[in-house]
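For the protein sequence lines, the chains are A and B, in the order given. With the working numbering, the residue at position 57 of the first sequence is 80, and numbering never jumps. With the working numbering, the residue at position 6 of the second sequence is 372, and numbering never jumps. Below is one structure, written out as structure tokens, with a few remarks after it.
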Amino acid sequence: MSAQPLADTLATAWEAAAGRLPGADRPEIAGRRRAAFDAFRRHGLPSQKLEAWKFTGLNALERQSWALPADPGPANDGAADAARLAAAALPEGSSHRLVFVGGRFDAAASRLDGLPDGVRLLPLSQAGEALAAALAAAGEGRAESLAELNAALASDGLLLDVAEGVTLAKPVEIIAFGAPALVNLRHVVRLGRGARATILESYRDGGGTGWTNVFSHIAVDAGAQLDHVRLQDEAITAYHAALGRVDVAGDARYAHVSVQGGAAVARHELHLETTGARAVLDLQGLALARGASHIDHTLRLHHALPDCSSNQLFKHVVDDRGHAVFQGGIRVAPHAQKTDAQQLSRTLLLADRAQIDTKPELEILADDVKCSHGASIGDLDAQQLFYMEARGVGADEARRLLLAGFAAEIVDAVPDGVLREHVAAYVAGWLEGGAA
Amino acid sequence: MLEIKNLHAKVDGREILRGIDLAINPGEVHAIMGPNGSGKSTLSYVLSGRDGYEVTEGSIRFNGQDLLALETEERAREGIFLAFQYPVEIPGVANATFLRSAVNAVRKHRGLPDMDAMTFLKTAKAKMKQLQMDEKFLQRAVNVGFSGGEKKRNEVFQMLMLEPALAILDETDSGLDIDALKIVAEGVNALRSPERSALVITHYQRLLDYIVPDVVHVLAGGRIIKTGGKDLALELEAKGYADIVAAAA
Numbered sequence: 024m025s026a027q028p029l030a031d032t033l034a035t036a037w038e039a040a041a042g043r044l045p046g047a048d049r050p051e052i053a054g055r056r057r058a059a060f061d062a063f064r065r066h067g068l069p070s071q072k073l074e075a076w077k078f079t080g081l082n083a084l085e086r087q088s089w090a091l092p093a094d095p096g097p098a099n100d101g102a103a104d105a106a107r108l109a110a111a112a113l114p115e116g117s118s119h120r121l122v123f124v125g126g127r128f129d130a131a132a133s134r135l136d137g138l139p140d141g142v143r144l145l146p147l148s149q150a151g152e153a154l155a156a157a158l159a160a161a162g163e164g165r166a167e168s169l170a171e172l173n174a175a176l177a178s179d180g181l182l183l184d185v186a187e188g189v190t191l192a193k194p195v196e197i198i199a200f201g202a203p204a205l206v207n208l209r210h211v212v213r214l215g216r217g218a219r220a221t222i223l224e225s226y227r228d229g230g231g232t233g234w235t236n237v238f239s240h241i242a243v244d245a246g247a248q249l250d251h252v253r254l255q256d257e258a259i260t261a262y263h264a265a266l267g268r269v270d271v272a273g274d275a276r277y278a279h280v281s282v283q284g285g286a287a288v289a290r291h292e293l294h295l296e297t298t299g300a301r302a303v304l305d306l307q308g309l310a311l312a313r314g315a316s317h318i319d320h321t322l323r324l325h326h327a328l329p330d331c332s333s334n335q336l337f338k339h340v341v342d343d344r345g346h347a348v349f350q351g352g353i354r355v356a357p358h359a360q361k362t363d364a365q366q367l368s369r370t371l372l373l374a375d376r377a378q379i380d381t382k383p384e385l386e387i388l389a390d391d392v393k394c395s396h397g398a399s400i401g402d403l404d405a406q407q408l409f410y411m412e413a414r415g416v417g418a419d420e421a422r423r424l425l426l427a428g429f430a431a432e433i434v435d436a437v438p439d440g441v442l443r444e445h446v447a448a449y450v451a452g453w454l455e456g457g458a459a
Numbered sequence: 367m368l369e370i371k372n373l374h375a376k377v378d379g380r381e382i383l384r385g386i387d388l389a390i391n392p393g394e395v396h397a398i399m400g401p402n403g404s405g406k407s408t409l410s411y412v413l414s415g416r417d418g419y420e421v422t423e424g425s426i427r428f429n430g431q432d433l434l435a436l437e438t439e440e441r442a443r444e445g446i447f448l449a450f451q452y453p454v455e456i457p458g459v460a461n462a463t464f465l466r467s468a469v470n471a472v473r474k475h476r477g478l479p480d481m482d483a484m485t486f487l488k489t490a491k492a493k494m495k496q497l498q499m500d501e502k503f504l505q506r507a508v509n510v511g512f513s514g515g516e517k518k519r520n521e522v523f524q525m526l527m528l529e530p531a532l533a534i535l536d537e538t539d540s541g542l543d544i545d546a547l548k549i550v551a552e553g554v555n556a557l558r559s560p561e562r563s564a565l566v567i568t569h570y571q572r573l574l575d576y577i578v579p580d581v582v583h584v585l586a587g588g589r590i591i592k593t594g595g596k597d598l599a600l601e602l603e604a605k606g607y608a609d610i611v612a613a614a615a
């Protein structure tokens, strides 16, 4: 326990680590990292006084003394625990895989062979010239201060670049194991015109109370399609904060499924913008909170151009003293006519002290649009339970089947095949009490 | 098999059943008829143990056991099956998943091993054929988007899979056209045996042309006011309930 303010302990840690971060030998990168750290220091952690952070407090982060992961030396090979990796990964051979342990690339556990032409897939630490662009600022303000902290300290991450017209058949899988430290990962994904790819991004319990801070920048060019599945299953005492910026060009499609079932406090925030007409955003999420877990999905959609559509479906299963947060912000620019934006938040509160804060936030400046939002909050349906029990199904099994049925709509949004089976197994495991 | 004595029950503090006596022997089919609001559905819910249906007096014994001491799922595993008047929709849960879970819960209770997926599928498909149901209904969510008739057929399908000792059919005929009614009745008749019994609750006599009862009861005002043979149903159909209710008052 430290009496020092968070920024001071982090400053000490940063000074010590700066020299061994990727790109430290290049003045422009070292300079950018210093500027990013100064920006974080100036703003501090996002406060609950900010509207966007009203329901999720990070005070607990201030009460602990955070170190950066110990330096594993030049290689981090074999750091991933074999049993944990096998449990967390897609079947061997079914994905292109990057494994990170404590924020460092584990080459031995990763599988980067057999990539088609036109695909660049690397850990960011080996990305050379691309690193400078990857560390560019996400914004200047307290709401983005964690992204600046991330730029200052990012030790690694994913770089995926799919060239125009190329289809990546196998999913790209990122598995990040936490560490009892502050881990910063930064991902950059770019799909060229008409390209197609699928990503599974998993955050897994690495043992101990850690803080994972992720920033992603995703650009989907015209006519391209990205399926992006995200699984957050950090240790139940861990903290997880992620911010993603997604730009979706004309006629492109970005489909996202986020499943969060771990961490003491977790926030997954996405800022999406359509940068061309007829872009499609298909966004689904499932928050599974039990114990004292606090799980937040925050979205900010900017419909900047005409004829784009977006769909948000977020479901929450909250038990015990769990707390789920859903914030769905939609902004439709004045000239973004014929926008179709739908939003639905559905919640099952399974205990008296379980909580949900669900907030739609619509700012519609165009006049010819279809926008809707809705929210439902309830307990499991007594009639459905009775119906199942009247067939001999035990009360616990009936509850489990109903919860699986509630989650099914989100699971079914995951691309069919190994990916969906993987997510379905995770959700089933959580409902049986095995996960988290 | 089933012995109901002086059964009184309340719903929302209001007494609906006011002293029912009824005994069903193995192999018998009993029909309960009566005007709307007479307590027919309440009796079916009390028998299956639904929350909110409070028994204030009387007893129910089922195969020698105190039925009222059992939870809903225990009653089902002991062999009581309620075909619902309004089958419940369960989004996201496949008919097959739900039914296999039910079949195996009942089998476990009887000391039998789980039915494996292949055997389950084979058995289910055979029963569905018997009821002229499309096999696609196995993969669809329980009752979601089913027509009224499809829901009732699904109830009888579940009944055939679970092979209950006592089947309670709560207005299974409502919402069925004559062809569907015959198919459903054949399904119920297929289960008739010297060991199995049924309690058929209906507002109309029509169903009893196809499921011929051994005994017919008239329920009114929460009491059985008349009991007779299958001809009683015809008499009710011809004269209506008013005379019998007035005569009993």
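Just so you know, even glycine gets a beta-carbon here, dropped at the ideal spot from N, CA and C. Note that this is a predicted model, so its numbers are computed, not measured.
So the candidates are the options; which of them puts its Cα closest to the Cα of residue i?
i	options	result
E439 of chain B	B:E369, B:L413, B:F512	B:L413
A220 of chain A	A:G188, A:H317, A:W234	A:G188
R301 of chain A	A:S332, A:Q307, A:A58	A:S332
A204 of chain A	A:T190, A:Y226, A:G233	A:G233
L460 of chain A	A:L81, A:G352, A:A130, A:L108	Within the shown structure, residues of chain A are numbered from 24 to 459, placing residue 460 of chain A beyond reach of any answer.
E85 of chain A	A:A40, A:Y262, A:D129	A:Y262
L491 of chain A	A:L295, A:A247, A:A287	With chain A represented from 24 up to 459, any question about residue 491 of chain A goes unanswered, as that position is not in the structure.
H320 of chain A	A:Q307, A:D330, A:E292	A:E292
E74 of chain A	A:Q149, A:P28, A:R165	A:R165
G553 of chain B	B:A375, B:A449, B:F428, B:R589	B:A449
G514 of chain B	B:Q451, B:K596, B:T422, B:F447	B:Q451
Excluding five sequence neighbours on each side, which residues of the same chain lie with their C-beta closer than 6 Å to the C-beta of residue i?
i	result
A177 of chain A	N207, R209
D305 of chain A	A278, N334
D580 of chain B	E394, V395
Rounded C-beta distance between residue i and residue j? I'm assuming under 8 Å.
i	j	result
E224 of chain A	L336 of chain A	At roughly 19 Å, the Cβ-Cβ gap does not stay under 8 Å, so E224 of chain A and L336 of chain A are not in contact.
R56 of chain A	L68 of chain A	19 Å between Cβ atoms; not a contact.
Y607 of chain B	G400 of chain B	7 Å
V252 of chain A	V280 of chain A	5 Å
V122 of chain A	I198 of chain A	5 Å
L147 of chain A	G180 of chain A	4 Å
E386 of chain A	Q350 of chain A	Incorrect: roughly 13 Å between the Cβ atoms, too far for contact.
G430 of chain B	A531 of chain B	Not confirmed; about 12 Å, so no contact.
S404 of chain B	D536 of chain B	No, S404 of chain B and D536 of chain B are not in contact; Cβ-Cβ is about 13 Å, not under 8 Å.
Please state whether the Cβ-Cβ distance between residue i and residue j is less than 8 Å.
i	j	result
Y449 of chain A	V282 of chain A	yes
D184 of chain A	R213 of chain A	yes
F409 of chain A	D378 of chain B	no
R441 of chain B	L433 of chain B	yes
G345 of chain A	L367 of chain A	no
A175 of chain A	W37 of chain A	yes
H326 of chain A	T297 of chain A	yes
L249 of chain A	S467 of chain B	no
V522 of chain B	L497 of chain B	yes
D402 of chain A	L372 of chain A	yes
A397 of chain B	H583 of chain B	yes
M527 of chain B	L465 of chain B	yes
G437 of chain B	K376 of chain B	Residue 437 of chain B is actually Glu in this sequence, not Gly. Not closer than 8 Å, so no.
L324 of chain A	R290 of chain A	no
S133 of chain A	K193 of chain A	no
Please tell me whether residue i has its Cβ less than 8 Å away from any Cβ of chain D.
i	result
F349 of chain A	Included in the structure are the protein chains A and B, with no chain D among them.
Is residue i near the ligand COA, judged by its Cβ being under 7 Å from some heavy atom?
i	result
W37 of chain A	Absence of the ligand COA from the depicted structure is noted, as is the absence of any ligand whatsoever, leaving it without description.
For residue i, which residues in the same chain have their Cβ closer than 7 Å to its Cβ, ignoring the five residues on either side in sequence?
i	result
L138 of chain A	H119, L144
A613 of chain B	none
E673 of chain B	Any question about residue 673 of chain B goes unanswered here, given that chain B covers just 367 to 615.
If I measure Cβ to Cβ from residue i and keep anything under 8 Å in the same chain, skipping five residues before and after, which residues do I get?
i	result
A459 of chain A	Summary for A459 of chain A: the model assigns pLDDT 37, below 50, so the residue's position carries little reliability; its value from the coordinates is reported in the next sentence. Correct list, in chain order: D256, I259, G284, G285, L311, R313, G314, S316, W453.
A245 of chain A	R216, G217, A272, G273, D274, A275, G299
A507 of chain B	E455, I456, P457, G458, V459, A460, N461
L547 of chain B	D539, R572, L573, Y576
L328 of chain A	G273, T297, T298, G299, A300, A302, A356, H358, A359
A551 of chain B	L573, Y576, I577
I673 of chain B	Because residue 673 of chain B is not part of the residues shown, which for chain B are 367 to 615, the question remains open.
*3 or more residues per run - each beta strand (DSSP E) lying fully within the stretch 106–181 of chain A*: 119–124, 142–146
List in chain order: all unbroken beta strand (DSSP E) runs of 3+ residues lying wholly within the stretch 324–389 of chain A.
332–341, 346–355, 363–372, 378–387
Please give the ranges of any beta strand (DSSP E) in the stretch 419–464 of chain B, keeping only runs that are unbroken, at least 3 residues long and fully inside the region. 419–428, 446–449, 456–460
Runs of beta strand (DSSP E) wholly within the stretch 516–563 of chain B (minimum 3 residues, chain order): 532–536
Item to complete: Counting only runs of 4+ residues fully inside the stretch 296–323 of chain A, write out the alpha helix (DSSP H) ranges in chain order.
Response: none
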